[in-house]
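Data block below; observations after.
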Amino acid sequence: MEKTAFSPSNEGASQSGKALIVEPEKCKGCSVCELICSSFHHGEYNPSKSYIKIFKNKDMCVFIPLLSVRCDLCNGEELCAKWCPEKALSFLSWPEVAKQRRQLSMGRFPTPYFGE
Ligand code: SF4
Ligand code: SF4
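Take the position in the sequence shown, starting the count at 1, then add 12; the result is the number in our numbering.
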């Protein structure tokens, strides 16, 4: 299969056959997800070391979570999704993603990966 920003690769979370689904209207840009991820992996609250990053444009009130290829689902804990106070994140299998896309037509999409 050709690798695209949305398709499974051989690394990280995507190896598990899951995609991060974002409900962008719920995200408030609080950075809790970034903090919990960096804390789990690096022992410090440092968004720059997180495997999920929030693209923020506060003027436009736009907050878009992006997922690194380094995301390993924190050993199955999926901490960012678990701790998001707005319940804006969920990791779904690709068949579940396809089902939601068909049901909703628009609005939810697998977030692209960034990084190496
Ligand atoms: S996804 Fe959730 S935890 Fe992360 S910035 Fe948005 S609201 Fe906060
Ligand atoms: S699932 Fe875990 S490793 Fe992946 S971005 Fe969320 S907190 Fe980080």
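All C-beta atoms in this analysis are idealised placements derived from N, C-alpha and C, irrespective of residue type, glycine included.
7 Å CB neighbourhood of residue i in its chain, flanking five on each side removed
i: residue 73; result: none
i: residue 125; result: 17, 79, 80, 81
i: residue 47; result: 57, 59
i: residue 54; result: 61
i: residue 99; result: 38
Beta-carbon contacts of residue i that lie in its chain and below 6 Å, excluding the five residues immediately before and after
i: residue 37; result: none
i: residue 114; result: none
Within 8 Å, strictly: CB atoms of residue i and residue j
i: residue 65; j: residue 59; result: yes
i: residue 57; j: residue 83; result: no
i: residue 80; j: residue 127; result: yes
i: residue 85; j: residue 28; result: yes
i: residue 12; j: residue 42; result: This structure cannot settle anything about residue 12, because the visible part of the chain is limited to 13 through 128.
Presumed contact (8 Å Cβ cut-off) between residue i and residue j, rounded CB distance
i: residue 75; j: residue 39; result: 4 Å
Neighbourhood of residue i by C-beta, 8 Å cutoff - its chain only, sequence neighbours within 5 removed
i: residue 33; result: 101, 102, 103, 104, 109, 112, 120, 121, 122, 123
i: residue 30; result: 85, 103, 104, 105, 106
i: residue 70; result: 41
Task: Cβ contact check for the segment 86-93 and the segment 104-117: 3 or more pairs under 8 Å - done: Counting Cβ pairs under 8 Å, fewer than three are found: no touch.
TODO: Write down every uninterrupted run of the alpha helix (DSSP H) in the segment 95-125 whose length is 4 residues or greater and which is fully enclosed by it, in chain order.
DONE: 106-116
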